[in-house]
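Throughout the sequence shown, residue numbering follows this note's numbering, covering 2 to 323 in sequence. Cβ coordinates follow ideal geometry from the N, Cα and C atoms, glycine included. For clarity, every value in this text was computed on a predicted model and none was experimentally measured. See below for the structure under consideration.
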Amino acid sequence: MNTFLSIFVTVISLGTIFGCLALLIWCNKDKMGMEEGAPTGHTYDGISELNNPLPKWWTYMFIFMVVLSLIYLALYPGLGNFKGLLGWQSSNQNVQSLEESRAASAAAREEGRLVQYEREMVRADEVFGAKFRELAYEADGQSYRAIADIAQDEEATKVGQRLFLQNCAQCHGSDARGARGFPNLADADWLYGGTPDAIKTTIMHGRKGAMPAWGDSLGEQGVQEVTSYVLSLSGRKVDPVEAQKGQARFAMCAACHGMDGKGNHAVGAPNLTDNIWLYGGSRAAVEDSVRHGRAGVMPAWKDILGEDKVHLLASYIYSLNH
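In C-alpha cells form, the structure reads like this:
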C-alpha cells in the first residue's frame, strides 16, 4: 500500500488499542478510593448511580490483552507496510504452480529462506503425498487407476470426499447438490459431460461458460415468446400460441442448445428439456437468463491440488451418481 494508507492503518490500529485503554482508565479514575456500592453523586430521573466497579480480574485481563496486542503488532504484520520484527508472511505470492512451488521450496530450504506456509505444504506433501499416490495409481505406480474403479474403493472415496469438502463445498455445498448458479453434482445432469475423463478435465482445467444476452435482439415480446417455448420443452404449461412463436425465434439458440434443446457438452450448453435449471426454473428466472445472459466460471485446480488429488476428487464426484 502507499504511504498514506500505511499511516492511516497504523493510526487506526494503534489508536483503537490506546483508545480502549484510555477509556478503561477514565472509567475507573473517578471512582478510585470510593467504597463499593456508595453513591457516586450522579442522579437522573430519580435513579442514583452507585459505585459498582468492574471486577479486578477483568480489568487486569483487559490490560494484559492490550500489552499482548502491542507485542503481536511488533512481531507480525499489522501496522501498514511494517512487516514485523519476525518478517513473517503467509505465502510466497510469486510461485504460480504446485510444481514451481515444490522446486522453489527445495531451493529455499537449502538457503534457509522457506516461509511458513511453504514449509507446511512441503511437510504435508511428504507425509500425505505417498498415500494419495498409493490410492490414485495402479500397483506398478506408473499409471492411474481407472476413475470408475476408484469410485468403488471406500477408502479412496472417503479421501476424495475430504478433498471435496475442503475445496469444493463452498460453491457446490457439502452434499454436492449445488446452489443457484452452481451445478448439482449428485444428479445425472452434466453441463460438460459426466464421463470420468470429462469430470477430471473439468476439475483440472476449469470451465468458462457464457450465454449471450438476447434482450436487445429479441425485444421484450421476443423474450416472452422464447421463454414460453423453452419452458414447454420440459413439459411446463404455457401459452401455446406464444410458445409456437418462440420456437421460430429459438433458431438463434439452437447453435448451442441444439434444435431439440437437449444441450451440448462441448460448449457447456444446458439441456433445456429435463426441467433442471442452474439459475432457477421460474418463469422470471428463465426470462432473466434469456434477456441478460449468464456467465459462469469454474476455477482450474491442477496447480492448486496437483493431478493425484484431482484424480481422487474426480473419482468421488463420479461415485455420487454411479
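Residue i vs residue j beta-carbon contact at 8 angstroms
i	j	result
Glu-226	Arg-208	no
Asp-215	Val-291	Note on identity: in this sequence residue 215 is Trp, with Asp being the wrong assignment. Yes, the pair counts as a contact, with Cβ atoms nearer than the cut-off.
Ala-270	His-258	yes
Trp-278	Ala-285	no
Leu-166	Ser-175	yes
Ala-189	Asn-322	yes
Ala-252	Ser-229	no
Leu-80	Thr-11	yes
Leu-234	Gly-210	no
Ser-14	Leu-74	yes
Glu-155	Leu-136	no
Element boundaries [alpha helix (DSSP H), containing residue i]
i	result
Val-128	117-137
Leu-51	That residue, Leu-51, is in no alpha helix (DSSP H); its beta strand (DSSP E) goes 48-51.
Val-268	Element bounds for Val-268: n/a, residue is neither H nor E.
Ser-316	308-320
Pro-241	241-250
Ser-70	57-76
Sequence-distant residues of the same chain with beta carbon closer than 7 angstroms to residue i, five excluded per side
i	result
Arg-295	Met-212, Tyr-280
Arg-181	Tyr-280, Gly-281
Ile-200	Ala-315, Ile-318, Tyr-319
Gly-47	none
Gln-94	Residue placement at Gln-94 is poorly supported in this model, since its pLDDT is 49, which falls under 50; the coordinates still yield a value, given next. Excluding residues within five positions, none has a Cβ falling inside 7 angstroms.
Phe-9	none
Lys-84	Pro-78
Ile-18	Val-67, Ser-70, Leu-71
Ile-248	Note that residue 248 is Gln in the sequence shown, not Ile. For Gln-248, where only same-chain residues beyond five positions count, the Cβ hits under 7 angstroms are Tyr-230.
Thr-4	none
Phe-133	Asp-309, Lys-310, Leu-313
Ser-283	none
His-293	Ala-214, Gly-216
Lys-246	Glu-226
Ala-152	Thr-158, Ser-316, Tyr-319, Ser-320, His-323
Close Cβ partners of residue i (< 8 angstroms) along its chain, the five nearest in sequence each way excluded
i	result
Gly-236	Asn-276
Met-2	Val-10, Gly-81, Asn-82
Gly-38	Leu-51, Asn-52, Asn-53
Val-128	none
Ile-64	Leu-22, Leu-25
Bounding residues of the beta strand (DSSP E) (the contiguous stretch that carries residue i)
i	result
His-43	40-45
Arg-295	295-299
Whole-Å CB distance - residue i paired with residue j, under 8 angstroms assumed
i	j	result
Pro-197	Ala-149	6 angstroms
Glu-50	His-43	4 angstroms
Leu-60	Leu-25	For the sequence presented, residue 60 should be read as Thr rather than Leu. Going by Cβ atoms, the distance from Thr-60 to Leu-25 rounds to 7 angstroms, so yes, they are a contact pair.
Lys-310	Met-205	With 8 angstroms as the limit, Lys-310 and Met-205 do not qualify as a contact, their Cβ atoms being about 11 angstroms apart.
Asn-29	Thr-41	Their Cβ separation, rounded to whole angstroms, is 12 angstroms, which puts Asn-29 and Thr-41 out of contact at 8 angstroms.
Leu-232	Val-239	5 angstroms
Asn-1	Leu-306	This structure cannot speak to residue 1, because the chain is shown only from 2 to 323.
Sequence-distant residues of the same chain with beta carbon closer than 6 angstroms to residue i, five excluded per side
i	result
Cys-172	Phe-183
Pro-178	Position check: residue 178 holds Arg in this sequence, whereas Pro was assumed. Within the same chain, Arg-178 has close Cβ partners Asn-185, Ala-187.
Gly-161	Leu-313, Leu-314, Ser-316, Tyr-317
Gly-223	Arg-250
Ala-301	His-206, Gly-207
Trp-89	Tyr-77
Val-298	Lys-209
Gly-194	His-266
Glu-221	none
Arg-146	Glu-139
Thr-203	Tyr-193
Gly-20	none
Neighbour flag for residue i against chain C, beta carbons, 8 angstroms
i	result
Phe-19	Given the protein chain composition of this structure (a single chain), no chain C is represented.
Note to self: Report the start-end ranges of each alpha helix (DSSP H) in the segment 199-238 that is 4 residues or longer and not cut off at the edges.
What the structure shows: 216-234
Next item on the list: May I have a chain-ordered list of the beta strand (DSSP E) segments no shorter than 3 residues that lie completely inside the segment 133-183?
Entry: none
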